[in-house]
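Numbering (the numbering used here), first residue to last: 3 to 250.
Glycine is no exception: its CB is placed at the ideal position from the N, C-alpha and C atoms.
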């Protein structure tokens, strides 16, 4: 985004704020006119014209889709690594128990179906412990230090190696991550991967079979059960949703 784009965006935001302020004052006066009390002013000036909510984008689609896969397959044990608690994990916890591994801390107040363990998954040595594992929009952060982890250029590969090792034979691994036309590192926020890069990681290439590929495109729309080779070359920042089954 260039300077002109930034300027246009700032002008649009300022216009929205001024219009919101005008409406806020009018409605405040109407409230008082009707005899209403106001304990304190807490202006919200930018939501008058908002839609009811967001039904697009990476997290909305991936969280619902993968939660539905787990519901359909009903695994004996499901482990999640680093996915969004108030999205995907909450969806799954509404109908079954889910174990969550994360390098970050979590307050004790949690749902009875969420079993949380703080750990660095790249250092997990246990093998074949679960028939179902997910890691949604998390692997791109491994090794960048953003969440308190150690700097490691190949941290994402080590994380994937651990996930593959933890998975039982015939079990399913659900991975999602930002995808684009080439591999990029946006330090220290995240990585973006070419859609085929993950397939070439040795532990995946040797042990897993891609059984399904879905993706969210640049417009935030979900493309279901797609041929991974059909993605447009100019994809900028989509979300690849990979379903793998362990064959070895």
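Limits of the alpha helix (DSSP H) - the one that residue i falls within
i	result
residue 161	157-168
residue 208	204-209
residue 60	60-75
Boundaries of the beta strand (DSSP E) in which residue i is found, first to last residue
i	result
residue 94	Counting along the chain, residue 94 falls outside any beta strand (DSSP E), though it belongs to the alpha helix (DSSP H) covering 92-95.
residue 135	132-138
residue 46	Segment: none, residue 46 is in no beta strand (DSSP E) and carries neither H nor E.
residue 101	100-104
residue 80	80-83
residue 120	116-120
Residue i to residue j span [Cα, whole Å]
i	j	result
residue 13	residue 95	43 angstroms
residue 134	residue 168	9 angstroms
residue 216	residue 179	11 angstroms
residue 161	residue 198	17 angstroms
residue 158	residue 203	10 angstroms
residue 18	residue 47	8 angstroms
residue 34	residue 23	17 angstroms
residue 225	residue 68	14 angstroms
residue 75	residue 175	12 angstroms
residue 312	residue 201	Absent from the structure is residue 312, since the part of the chain shown begins at 3 and ends at 250.
residue 244	residue 38	54 angstroms
residue 227	residue 240	15 angstroms
Residues of its chain near residue i, where Cβ-Cβ distance is below 7 angstroms and the 5 sequence neighbours each way are ignored
i	result
residue 143	149, 192
residue 233	197, 217
Close-in-space but distant-in-sequence residues of the same chain around residue i (CB under 6 angstroms, 5 per side omitted)
i	result
residue 101	81, 117
Residues near residue i in its chain [Cβ-Cβ closer than 8 angstroms; skip 5 each side]
i	result
residue 250	171, 208, 209
residue 129	167, 168
residue 189	146
residue 183	196, 235, 236, 237, 238
Secondary structure of residue i, DSSP reduced to three states
i	result
residue 141	helix
residue 24	helix
residue 109	coil
residue 129	coil
Sequence ranges, alpha helix (DSSP H) only - wholly within the segment 172-246, length at least 4: Unbroken alpha helix (DSSP H) stretches of 4 residues or longer found wholly inside the segment 172-246: 204-209, given in chain order.
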